[in-house]
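First the structure, in the form of structure tokens, and then the observations on it.
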Amino acid sequence: MLTLKNVTKTYRHSDGDVYALRDIDLTIGAGDFITVTGGSGSGKTTLLLCMAGLMRPTSGTITFGDRKIETATDKELSAYRSKHIGFVMQSFALIPYLTAIENVMLPLAVPGAGRTDQVSAATDLLQLVGLENRRNHLPRELSAGQQQRVAVARAMINEPSLILADEPTGNLDPALSGEIMQLFTEINKQRGVTIVMVTHSPAAAAYGNRNIRLAEGRILAGA
Amino acid sequence: MRKPSVKGLSVGRLIRIEFRQRRTQMISGLLAITLGIAVIVAIRSISLVSEKAVAINLDNLGANVLVLPQGATVDNYYTADIDAPTLPEEYAETIATSDLTGVDNMSPKLTRRVNVNGEKIVLTGILPKNELVSKPIWKRSGLFGKGLKASCGPSPLNESHGYKDEKLQRKSIEALAEYDCLVGATAAQKLHLKENSNLTIEGKSFRVEKVLPETGTVDDDRVFAHLHTVQRLLGIGSQVSAIEIMGCCNAITDGLLSKLRNILPDTRVTTIGQIVSTQVQTNKLMKKLSVVFLIIIVFVGAVSIGNSMWANVNERKKEIGTLRMIGFPKTSVYRMILTKAMVLGLAGGVLGYAIGSMAAMWLGPEFAGIEVSPTLMLLPASVALSTAVAAIGAAIPAYFAGRIEPFDNMQEN
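Quick note, the sequences are listed as chains A and B, same order.
Going by the numbering used here, the first sequence opens with residue 1, and the numbers climb by one from there.
Going by the numbering used here, the second sequence opens with residue 1001, and the numbers climb by one from there.
This is the structure we're talking about:
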């Protein structure tokens, strides 16, 4: 599904180039639930950004199906994210003035998303995450765990083949973390959605079927 | 919690929701542009009427172009020398039927110094307006019957203003019977004349139709009678001393005089320099003032809207990052910011026009002593200006908004 070959990402610095990723070779298959772990500055988020087409690698190739990501235009990358990728972030990244259901529908407002049954699709997903009765609540009226569940529903609305999650349990207590990880497992197993999740938490990492460990931009294990 | 009715999302609805949710910020942006447009609409509404009033006042200075016989001087014309040369009256018709533009009004005149009740006064033969209008060929030329038009004033569009001030109406003689006359204020005093008095000129008895109010010009010493009566009385035939022309000062600077000389080669065409230069100077000053106000308002409006949008973009960096992350292309983000600014501009234009017009209607009579009515043509201009200013002001913040990358959302803690 997603293949990274010799992906290197460097940042320019006055002291010389800083390597965020070095020669990453990675193949992600359909239906995988991959967790990415590593210390701070190990390159986890950079890896996710490159997979999402939000950052271009300095060298190497990233292929999604037969589509080259590293050379695509902004319009092509936007379409790639809109159609194939769902995102779940540590800070939830909800729009504060949109209700829960509007936040879930947001990816469908992207020009060209072209889905007409926005409300019923979003209602179904809110039902899936157990928040149907909170659909008209603003994010500030929801608990952290509820906000993250709204974010998971939003990640599912465009029926993506791949969900990229960056520390999705980072702001949640262990009980809520468990609920969210349970949700990811269901989505992965029942809907066949591939998940790549960056996490610091060994407990969260245990939910994946494959773990990739990064250190100083290199894959130590799990490639 | 908002109302439970749920509708699908689109970019337009996103903008509407944001307007609703960020009322304070949007209202301050809207206020900035509304006030800017209101100021310019008020100033422009008052200045349009002022320009018209000034133009009519300038017209009242009299004709600004004289067509004289070849050998005559302006002095000959004003002193009304007995031997002063003349030119054919039909030359007026030649001008009227030509394709000349910029001739607002025209008056053929015959002036001669005559003896009236023992006093030497200047008798001036004039054609009353009703006679000029009654000539079909002149009518076709469109020179007459168009109503009052200011020679150096604003374009005909501004006539919709409905400006009315009788004190400023140009003096025109509507009708004059064969042996009726009009007497200037000084001449009436000298000859002890009042309305309906009789006086004898060159052996013919005339009735005083009206004593003209004092103007402080040579007209105060004159007696005016019908041109054709004066021609017969003096045995001059169809000849006139001069043709006075009210030329648009823009047309004068654009070569009206040389065009007149081409049409009437055996005449002397001259301007009354002081009048023309006053008209041109005033016209230039009014235009400059309008341009200065326009520049100020464009600058202030663009900076206000730009500032408001910049604050909006800065405050929404994370949101914009989220939009980019879930698939909004840069161009969509750019368009969203621009659309928001343009909607503010559009609303600000309409509101600004309404407030500015009301302010002008109140301030005009209060401070400038002139009646001002709303100028409808300023509405599309206000809307176009405010929308353009808003778009210009928002262009840079929108550009930077389009370049926001969603990294912040992915690099917490």
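Just so you know, even glycine gets a beta-carbon here, dropped at the ideal spot from N, CA and C.
Other residues of its chain near residue i: CB distance less than 6 Å, five sequence neighbours each side excluded
i: LYS1340(B); result: ILE1015
i: GLY1071(B); result: PRO1085
i: ALA1013(B); result: According to the sequence provided, residue 1013(B) is Arg. The question's Ala does not apply to it. Here the set comprises nothing.
i: LEU77(A); result: GLY53
i: MET1026(B); result: PHE1019
i: ARG191(A); result: none
i: ARG1335(B); result: none
i: SER1304(B); result: ALA1032
i: VAL110(A); result: SER82
i: ALA1188(B); result: VAL1211
Residue of the options minimising C-alpha distance to residue i
i: ALA1394(B); options: LYS1288(B), THR1097(B), ASN1314(B) and ALA1354(B); result: ASN1314(B)
i: GLY1184(B); options: THR1200(B), HIS1192(B), LEU1212(B) and LEU1199(B); result: LEU1212(B)
i: ASP32(A); options: THR169(A), GLU159(A), PRO111(A) and THR185(A); result: THR185(A)
i: GLY1306(B); options: THR1186(B), GLU1018(B), LEU1176(B) and PHE1400(B); result: PHE1400(B)
i: LEU1256(B); options: VAL1065(B), THR1024(B) and SER1050(B); result: VAL1065(B)
i: ASP117(A); options: PRO1329(B), VAL1006(B) and ASP1083(B); result: VAL1006(B)
i: THR61(A); options: GLN182(A), LEU2(A) and GLN148(A); result: LEU2(A)
i: ALA215(A); options: GLY43(A), ALA165(A), ILE85(A) and ASN103(A); result: GLY43(A)
i: LEU220(A); options: LEU26(A), GLY16(A) and ILE163(A); result: LEU26(A)
i: LYS1194(B); options: GLY1203(B), ILE1201(B), LYS1204(B) and CYS1181(B); result: CYS1181(B)
i: ALA122(A); options: THR46(A), PRO139(A) and VAL152(A); result: VAL152(A)
i: LEU138(A); options: MET181(A), ILE34(A), ASN211(A) and VAL150(A); result: VAL150(A)
i: ILE1272(B); options: CYS1248(B), PRO1380(B) and PHE1293(B); result: CYS1248(B)
i: THR63(A); options: GLY112(A), ILE28(A), ASP74(A) and GLY130(A); result: ILE28(A)
i: MET1246(B); options: ILE1043(B), LEU1199(B) and GLY1102(B); result: GLY1102(B)
Short Cβ contact (8 Å threshold) for residue i with residue j
i: ARG135(A); j: LEU142(A); result: no
i: LYS83(A); j: ASN171(A); result: no
i: VAL36(A); j: MET197(A); result: yes
i: GLY145(A); j: LEU106(A); result: no
i: LYS1317(B); j: ILE1404(B); result: yes
i: VAL165(A); j: VAL88(A); result: Contrary to the premise, residue 165(A) reads as Ala rather than Val in this sequence. Against a cut-off of 8 Å, the Cβ pair of VAL88(A) and ALA165(A) comes out as a contact.
i: GLU1244(B); j: LYS1129(B); result: no
i: VAL1240(B); j: LEU1087(B); result: yes
i: GLY1356(B); j: VAL1067(B); result: no
Secondary structure of residue i, DSSP reduced to three states
i: ASN211(A); result: strand
i: PRO987(B); result: No answer is possible for residue 987(B): the residues shown for chain B start at 1001 and end at 1413.
i: GLN1070(B); result: coil
i: ARG12(A); result: coil
i: GLY1184(B); result: coil
i: VAL7(A); result: strand
i: GLU132(A); result: helix
i: PHE1400(B); result: helix
i: LYS1171(B); result: Unreliable placement is indicated for LYS1171(B), whose pLDDT of 46 sits below 50; the coordinate value is still reported in the next sentence. Looking at LYS1171(B) - three-state DSSP - the assignment turns out to be coil, as it is neither helix nor strand.
i: ALA113(A); result: coil
i: GLU1405(B); result: coil
i: ALA229(A); result: Limits of chain A in this structure are 1 at one end and 223 at the other, which puts residue 229(A) out of reach.
i: GLY1102(B); result: coil
i: ASN1196(B); result: coil
i: PRO1265(B); result: coil
i: ALA165(A); result: strand
i: GLU159(A); result: coil
i: VAL1372(B); result: coil
i: GLU1319(B); result: helix
i: ASP1337(B); result: The question names Asp, but residue 1337(B) is Ile in the sequence shown. Three-state DSSP puts ILE1337(B) in a helix.
i: GLY1348(B); result: helix
i: TYR1179(B); result: coil
i: PHE1440(B); result: Since the first residue of chain B shown is 1001 and the last is 1413, residue 1440(B) is not available in this structure.
i: ARG154(A); result: helix
i: MET1(A); result: coil
i: GLY1125(B); result: strand
i: VAL18(A); result: strand
i: GLY38(A); result: strand
i: LEU172(A); result: coil
i: ARG1392(B); result: Reading off the sequence shown, one finds Ile at residue 1392(B), where the question assumed Arg. It is helical.
i: ASP25(A); result: strand
Beta-carbon contacts of residue i that lie in its chain and below 7 Å, excluding the five residues immediately before and after
i: LEU1414(B); result: Residue 1414(B) lies beyond the range of chain B shown here (1001 to 1413); nothing can be said about it.
i: SER1414(B); result: Nothing about residue 1414(B) can be reported from this structure: the residues present for chain B run from 1001 to 1413 only.
i: LYS1190(B); result: GLU1119
i: ALA1414(B); result: With chain B covering 1001 to 1413 only, the question about residue 1414(B) has no answer from this structure.
i: LEU125(A); result: VAL104, ALA153, MET156 and ILE157
Cβ-based neighbour list, residue i, same chain, cut-off 8 Å, excluding 5 preceding and 5 following
i: LYS1164(B); result: Unreliable positioning characterises LYS1164(B) in this predicted model, as indicated by a pLDDT of 43, which lies under 50. The coordinate reading is nonetheless provided below. Cβ within range, chain order: GLU1371.
i: ILE1263(B); result: THR1094, ILE1095, SER1098 and LEU1100
Which runs of the alpha helix (DSSP H), 4 residues or longer, sit entirely within the segment 47-110 of chain A?
74-84 and 100-105
Note down, one range per segment and in chain order, each alpha helix (DSSP H) of at least 4 residues found wholly within the segment 1201-1253 of chain B.
1227-1234 and 1249-1253
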